[in-house]
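Using the working numbering, you'd call the opening residue of the sequence shown number 1 and step up by one each time.
Quick reminder that beta carbons are idealized off the backbone N, C-alpha and C, glycines included.
Written out below as structure tokens is the structure these notes cover.
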Amino acid sequence: MSKINLLNYTLMELEDVLTELGEKKFRALQIFEWLHQKQVTSFDEMSNLSKPLREKLKSQTQIPQIEVVRTQTDHQDGTQKMLYRFGDGEYAETVKMVYEHGSSVCISSQIGCRMGCTFCASTLGGLNRNLSAAEMLMQIYEIERNSGPVHSVVIMGMGEPFDNYSEFLRFVELINHPHGRNLGSRHITVSTCGLADKIKEFADLKTQINLAVSLHQARQEKRAEIMPIARKYDLETLKSACQYYISKTNRRITFEYGLIENKTDQMVDADALIGFCKGLLCHINLIPINPVADRNQKAPDKKRQYAFKNYLEKAGIPVSLRRTLGKNIDAACGQLRKKEEEICKQ
Ligand code: SAH
């Protein structure tokens with residue numbers, strides 16, 4: 001029988017686990033604090049538990065571990081990219097970016113992805129499996145154990161978090177918990193390629209979590225060419241889900257818009273984008289697309305990037321042009337994992 005993975009349990013569930021083990025309920029809170037506040041990796045560190053209880057926990061439960069396979073650092077901007085391996089041998093990658101106000105960690109929510117966006121490396125081999133809430137947490141805790149608390153978390157690594165919705169919500173509940181890591185909702189950003197139904201479900205929860213939507217193209221036909229999800233939820237459906245979200249939460253949505261030469265960077269694309277933004281409380285984040293091996297794509301030159309930005313600005317759209325971090329270390333989604341798999345195959 002496999003051991004109970006304690007890191008995946010909410011405090012209430014942990015109380016049930018302890019009761020089943022014939023222990024007092026209040027032990028759950030102590031263990032929860034050890035796991036999420038102090039982020040220990042062994043039962044022997046849980047000094048307020050008796051030795052027999054620690055032994056019992058060791059024999060029937062586990063604190064899962066991840067292995068750091070490789071760390072790459074961009075010495076110019078401090079960006080770090082970690083390649084992790086989970087117990088079953090699957091790889092996931094996590095990026096830590098350093099900003100003036102503190103560091104931000106970009107975590108993966110799935111191994112691979114089934115959304116099929118043509119510009120993205122994560123989706124090349126399809127979806128292998130979902131990550132559990134514990135596996136999402138571990139990507140952050142491992143970094144915090146090494147270099148201290150992070151300021152914010154973005155779920156923008158490999159995978160589509162809204163395609164792994166229940167574990168994503170469990171992750172939020174765990175990292176948010178006042179007796180746990182206690183990371184405020186406003187310090188969390190979730191990014192989706194546009195699963196409209198889930199955007200509405202998420203809106204109903206009325207959290208303070210920031211929502212980013214990967215738009216990339218505001219012309220339906222053209223968007224469907226680069227993002228298969230657009231065939232399931234067209235732009236009209238997506239926009240109305242976004243309107244619903246804004247009306248429920250009163251929060252601004254960030255639209256991510258990748259600038260891909262000849263595919264999304266024309267002035268007619270900018271016009272469509274302006275039209276899409278009309279009536280939405282939003283901000284556009286322009287991202288010069290990163291090149292990905294096997295994908296024939298590149299970002300337009302700087303001049304064109306700024307022309308696109310200025311055009312939106314003139315139309316009164318709040319917009320920023322993201323500076324690219326981690327350029328020297330393949331920090332675009334899915335790139336490091338893909339390389340590792342290729343190395344392993346040889
Ligand atoms: N599935 C979610 C979250 C993961 S992707 C989503 O689609 O939002 C995180 C962001 O990286 C998305 O905006 C995605 O479109 C973008 N992205 C993917 N490949 C990229 C590349 N090659 N260069 C720049 N951004 C990329």
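Counted within 10 angstroms of its Cβ, other Cβ atoms place residue i as buried (16 or more) or exposed
i    : result
R322 : exposed
F32  : buried
E13  : exposed
N296 : exposed
Y99  : exposed
Q346 : Any reading at Q346 needs caution, since the residue's pLDDT is 37, under 50, leaving its predicted position unreliable; the model's value is listed next. Q346 comes out exposed.
K3   : exposed
N146 : exposed
D294 : exposed
L205 : exposed
F26  : exposed
E167 : buried
D88  : exposed
P52  : exposed
K302 : exposed
D44  : exposed
T48  : With the sequence shown as reference, residue 48 is identified as Asn, and Thr is not the correct amino acid for it. By the neighbour-count rule (16 or more Cβ atoms within 10 Å), N48 is not buried but exposed.
K198 : buried
G159 : buried
S191 : buried
K24  : exposed
Cβ-based neighbour list, residue i, same chain, cut-off 7 Å, excluding 5 preceding and 5 following
i    : result
R231 : A224
A203 : Y244, Y245, K248 and T249
I107 : T94, M136, Q139, I140, V153, I155 and G157
A134 : N5, L7, N8 and P64
Y311 : M267 and A270
L21  : K56 and Q60
R304 : D265
A351 : There is simply no residue 351 to check, as the chain begins at 1 and stops at 346 in what is shown.
I317 : I274, C277 and I284
L127 : Q110, G112, C113 and R114
N130 : Q110, N164 and E167
K309 : L286, V319 and L321
G125 : G112
A307 : none
Own chain, CB closer than 8 Å to residue i, minus 5 neighbours either side, in chain order
i    : result
V40  : W34, M46 and I63
E144 : Q39 and V150
H179 : L11, L29, F32, E33, H36 and Q37
S240 : A196
E201 : Y165
T123 : G112, C113, R114, M115, G116, C117 and G334
I226 : C117, T118, F119, H216, Q217, I260, K263 and T264
L280 : K239, C242, Q243, I246 and I253
H351 : Absent from the model: residue 351. The displayed extent of the chain is 1 to 346, so no value can be given.
K58  : F43
E313 : V319
Other residues of its chain near residue i: CB distance less than 6 Å, five sequence neighbours each side excluded
i    : result
S152 : S104 and H187
L238 : G194 and A196
G102 : H151
A218 : A272, L273 and F276
F255 : V213, L215, C282 and I284
I343 : Because the pLDDT at I343 is just 45, under 50, the model does not fix this residue reliably, and the point stays unresolved.
E67  : R85
I175 : R181 and L183
Y229 : Strictly speaking, residue 229 in this sequence is Ile, with Tyr absent from that position. Correct list, in chain order: M115, C193 and G194.
L235 : Q220
A299 : L259, P288 and I289
F171 : A133 and M136
The ligand NAP heavy atom lying under 7 Å from the CB of residue i
i  : result
S2 : The ligand content of the structure shown is limited to the ligand SAH, which means the ligand NAP is not among them.
Subject >> Touch test, the stretch 151-171 against the stretch 11-26, Cβ-Cβ under 8 Å, three pairs minimum >> reply: no
Original post:
Can you find at least 3 beta carbon pairs, one from the stretch 129-138 and one from the stretch 251-259, that sit closer than 8 Å?
Top reply: no
Original post:
Is the stretch 171-188 close to the stretch 209-225, with three or more CB pairs under 8 Å?
Top reply: By the Cβ rule, the stretch 171-188 counts as touching the stretch 209-225, because three or more pairs are nearer than 8 Å.
Original post:
What are the start and end residues of each continuous beta strand (DSSP E) run of 3 or more residues lying completely inside the stretch 135-164, in chain order?
Top reply: 152-155
Subject >> Ranges of the beta strand (DSSP E) found wholly within the stretch 108-135, counting only runs of at least 3 >> reply: 110-112 and 127-130
Original post:
Of all the beta strand (DSSP E) runs that stay within the bounds of the stretch 34-100, which reach a length of 3 or more residues?
Top reply: 67-73, 80-85 and 91-99
**OP:** Could you tell me which uninterrupted beta strand (DSSP E) segments, each at least 3 residues in length, are contained entirely in the stretch 157-231, listed from first to last along the chain?
**Re:** 188-192 and 210-214
Original post:
Can you list the alpha helix (DSSP H) stretches of 4 or more residues lying completely in the stretch 257-285, in chain order?
Top reply: 267-277
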